Structures are given as structure tokens and as C-alpha cells.
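K.L.:
For the sequence shown, the numbering used here assigns the number 396 to the initial residue and increments by one for each residue that follows.
From the three backbone atoms N, C-alpha and C, an ideal C-beta is built for every residue, glycine too.
As the structure is a computational prediction, the values presented were derived from the model and not from experiment.
Okay, here's the structure, questions in a sec.
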Amino acid sequence: MIEYSKEVANAFEVGIPIVALESTIISFGMPYPQNLAVAKQIESTIRSLGAVPATIAVINGKIKIGLQEEELLTLATSKNIIKASTKDLPYLLATQKNGATTVASTAYCAQMANIRVFATGGIGGVHRGVNETFDVSADLLEIKNNSLAVVCAGMKSILDIEKTIERLETLSILAIGYKCDTWPLFYSSDSNYHILRTNSTVEIAKIMDYKWNKLDQPGGIIIANPIEKNQEISYTLIDKYIREIAKQAAEKKISGKKITPFFLQEIVNKTQGKSLKANISLVLNNAKLAAEIAKQYAITKNHFAKKI
Ligand code: PSU
Ligand code: MN
């Protein structure tokens with residue numbers, strides 16, 4: 396049911412820190428060929444920092460923890476990929492299909508594999524217009540349910556920010572800003588919404604250790620890592636585009652799991668590719684921070700003591 400790549404199996408064996416990565420971003424978050432190039436670049440960035448990447452997906456009905464190059468290629472190019480949340484996993488396994496895992500299902504699989512750190516772009520949350528659509532991403536539920544540090548550039552700006560923060564509060568999900576005092580909003584580095592701040596990965600590792608091992612509080616921690624200033628796009632501009640795209644989506648009757656990929660693609664069109672550049676930069680930034688956190692947590696917990 397679960398298959399580990401040689402690299403990841405070896406990392407567990409000898410004690411190298413591991414960073415989980417999602418695959419929806421490859422199949423539905425970015426166009427080809429950038430998606431493939433970025434997937435590989437994220438992996439090599441993590442390796443260059445002395446950690447091991449574990450990109451997660453379902454291939455032919457097997458949960459893969461760590462992918463081969465040709466599997467990355469399949470995810471980047473094939474039309475036969477299902478955007479898979481946690482609820483879809485039994486179906487994909489039984490019917491031997493291919494699935495790209497979202498934040499929700501990646502967190503779920505990573506927890507099964509006993510991985511503690513996860514890098515992504517932006518998390519899902521409460522959508523704008525939720526009163527009408529009831530659209531709330533399963534990402535929130537699975538971050539709540541699985542004990543991972545989820546390194547992201549905040550929530551995607553297409554969401555209802557205030558309601559997502561409220562929902563995190565209700566679910567009792569701890570969110571920490573890395574070197575920031577306000578929530579980063581994916582394409583933009585700050586906002587008016589306060590977030591607890593830390594300046595160090597040592598502190599983040601201690602927070603993880605207190606939460607999971609000392610206080611025995613299972614569940615995820617969001618590490619919000621702002622996009623670099625020179626890559627950001629102003630929220631006012633993005634917000635204007637999002638309102639326009641929302642109208643298009645309503646006209647075209649796009650809903651459900653198609654909404655997020657539709658917005659991401661349309662924002663790329665409207666910004667003439669600038670948002671794609673920003674997206675790539677923030678994902679790489681998150682991968683770097685996640686690798687540092689994984690190494691630091693290994694030291695703090697003495698979990699992977701052999702190699703460090
Ligand atoms: N962030 C990105 N690109 C993406 C996504 C997030 O930069 O493609 C994906 C993630 O996989 C996330 C999913 O879990 O969008 C959320 O989808 P939904 O809103 O349908 O739950
Ligand atoms: Mn949804």
C-alpha cells in the first residue's frame with residue numbers, strides 16, 4: 396500500500412531529516428514545463444541542505460513516499476491524474492489510479508510515514524463566498540489532524556483571509572510567522588492580521604517538541620514564511636484580479652476542486668507570468684526553511700541522532 400523510494404527508505408534507516416512535499420502543486424498548481432522544473436529544483440534544494448525530499452503521490456494505486464524522475468514526469472504531464480484529497484485515497488488505491496496529493500492528503504500520508512516537516516506553497520482554507528458555496532478546504536481539517544510542521548507562504552490570497560484565520564482559531568491550530576508579525580498572504584509578504592512571531596528555526600523546533608512530545612498535543616503547526624520582498628505582488632492588485640476571476644468562475648460555473656487551479660492559472664494570465672515567478676520563488680523559499688526546520692527538529696528531539 397505504501398512504497399518508499401530508496402532515497403527516503405535510506406534516510407529513515409541512517410537518520411537523515413526528511414521533508415514531505417505535495418504533488419497537487421505539480422499536476423494542478425503550475426503549467427508544464429515549469430511544474431516539472433520546479434518539482435526537481437525543490438528536491439535538489441532540500442538535498443543541498445542535507446535533508447531528503449519525500450514528494451508524495453499515488454501512482455498506480457500505491458502511496459509513494461519519494462518519487463522517481465519518471466513519476467514526477469507523469470504527474471507533470473499526464474491527463475490521467477486525479478486531484479486527491481484524503482477522502483479519495485481508498486478509491487485511488489482500490490482502482491489503482493494516479494492521484495496528486497493536496498496539502499490535506501499529503502499531511503495524512505506524511506503522518507502515516509512518520510515524517511514531521513512538510514513544505515508547500517500556500518494552504519487551502521475558507522473560500523470567499525463561503526456563505527453561498529460552503530467551500531472550505533479539507534486542508535484545514537488535515538492540518539488539524541496530523542502532527543506536521545506545515546511550511547507555507549500563508550494561505551492562498553484567493554481565500555477569505557479573516558474567515559480562514561477564525562477557522563484556524565476554532566480548530567485550535569497553532570500558526571507561527573517566521574520573521575514576521577503579520578500573516579503573509581502568498582503573493583504578498585504581509586497583511587493587517589497579526590501572527591505570533593519567531594526569528595529562529597531553533598525556536599520552531601522547540602515549539603514542535605513542546606507541542607508533540609512534552610505537552611502531548613497532536614496536530615499540525617503552520618509555519619508562515621513570507622515571500623521575499625523583491626518577488627511579492629501587492630495584495631491590492633491581486634485582490635482586484637481575484638474579484639474579476641471570481642466573476643469568470645461564476646459565469647463558467649466552475650466550482651469544487653476546480654476552483655483553486657482555475658484561479659492560480661488565471662492569475663498567471665493576468666499578471667503575465669509574474670505570479671508564476673512569485674509562486675516558484677515562495678515554494679523554493681519554503682523548501683529551504685523546511686529543510687532547516689527538519690534538521691533542527693532532529694537535533695532538538697534527538698530523533699535522528701545517528702547522523703547528526
Ligand atoms: N498552493 C499552491 N499551489 C497549489 C495548491 C496550493 O501554491 O496548487 C494546492 C494545494 O495542493 C492545496 C490545494 O492543498 O491547492 C487546495 O485545494 P482546495 O482549495 O480545492 O482544497
Ligand atoms: Mn474546496
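If distances are taken between C-alpha atoms only, which option among I451, E398 and A645 comes closest to S422?
P.N.:
Ranked by how close their Cα comes to the Cα of S422, the residues I451, E398 and A645 have I451 in first place.
K.L.:
On the three-state DSSP scale, how would you describe N405?
P.N.:
helix
K.L.:
Count the other CB atoms within 10 Å of the CB of A489; is the residue buried (16 or more) or exposed (fewer)?
P.N.:
exposed
K.L.:
Going along the chain, which residues of its own chain have a beta-carbon closer than 6 Å to the beta-carbon of N455, five neighbours each way excluded?
P.N.:
Q491
K.L.:
Since Q506 contacts A600 with CB under 8 Å, what's their CB separation in whole angstroms?
P.N.:
At roughly 18 Å, the Cβ-Cβ gap does not stay under 8 Å, so Q506 and A600 are not in contact.
K.L.:
Helix, strand or coil for E398 per DSSP?
P.N.:
strand
K.L.:
So P428 and A693 are in contact, right, with Cβ under 8 Å, and what is the actual spacing, rounded?
P.N.:
Not confirmed; about 34 Å, so no contact.
K.L.:
Considering only C-alpha positions, which residue in the set D576, I553, I518 and I649 is nearest to L416?
P.N.:
I518
K.L.:
How would you call K548, buried or exposed, if buried means at least 16 neighbouring beta carbons within 10 angstroms?
P.N.:
This sequence places Ala at residue 548; Lys is not what is there. Classification of A548: buried, given that the 10 Å Cβ count is 16 or more.
K.L.:
Excluding the five sequence neighbours on either side, which residues of its own chain have a C-beta within less than 8 Å of the C-beta of K478, listed in chain order?
P.N.:
T419, S422, F423, G494, A495, T497, K652 and P656
K.L.:
Mind checking which residues open and close the beta strand (DSSP E) that includes L591?
P.N.:
L591 to T593
K.L.:
Would you mind stating whether T528 and S650 have Cβ atoms separated by less than 8 Å?
P.N.:
yes
K.L.:
Contact check, E402 vs V447 under 8 Å by CB: the rounded distance?
P.N.:
6 Å
K.L.:
Beta-carbon separation of E627 and S583 under 8 Å?
P.N.:
yes
K.L.:
Spell out a yes or no on whether the stretch 628-636 and the stretch 570-582 are touching, meaning 3 or more CB-CB pairs, one atom from each, closer than 8 Å.
P.N.:
yes
K.L.:
What residue from V546, S532, V597 and N541 has the CA that sits closest to I556's CA?
P.N.:
S532
K.L.:
Do the stretch 593-609 and the stretch 677-692 touch if we need at least three Cβ pairs shorter than 8 Å?
P.N.:
Cβ pair count under 8 Å is three or more, so yes.
K.L.:
How should S567 be labelled, buried or exposed, when 16 other C-beta atoms within 10 angstroms of its C-beta is the threshold for buried?
P.N.:
exposed
K.L.:
Buried or exposed for E408, please, with buried defined as at least 16 other CB atoms from any protein chain shown within 10 angstroms of its CB.
P.N.:
exposed
K.L.:
List, from N- to C-terminal side, the beta strand (DSSP E) runs of 3 residues or more that fit wholly inside the stretch 409-472.
P.N.:
413-416, 447-454 and 457-460
K.L.:
Quick check: what's the CA-CA separation for P613 versus T501?
P.N.:
17 Å
K.L.:
I654: buried (16+ other C-beta within 10 angstroms of its C-beta) or exposed?
P.N.:
buried
K.L.:
Kindly list the residues whose CB is nearer than 6 Å to the CB of Q667, restricted to its own chain and excluding five residues on each side of it in sequence; keep chain order.
P.N.:
none
K.L.:
Between which two residues does the alpha helix (DSSP H) harbouring I637 extend?
P.N.:
Y630 to E646
K.L.:
Could you tell me if A645 is buried or exposed, where buried requires 16 or more neighbouring beta carbons within 10 angstroms of its beta carbon?
P.N.:
exposed
K.L.:
I514 bridges to which residues according to DSSP?
P.N.:
Going by the sequence as given, residue 514 is Ala instead of Ile. In the DSSP output, where bridge partners are listed per residue, A514 has L416 and V546.
K.L.:
Return yes when at least one heavy atom of the ligand MN lies under 7 Å from the C-beta of K652, else no.
P.N.:
yes
K.L.:
Hey, is D483 close to the ligand MN, as in C-beta under 7 Å from one of its heavy atoms?
P.N.:
no
K.L.:
On a Cα-Cα basis, can you pick out the residue from K672, H522, R442 and Q643 that is closest to A406?
P.N.:
R442
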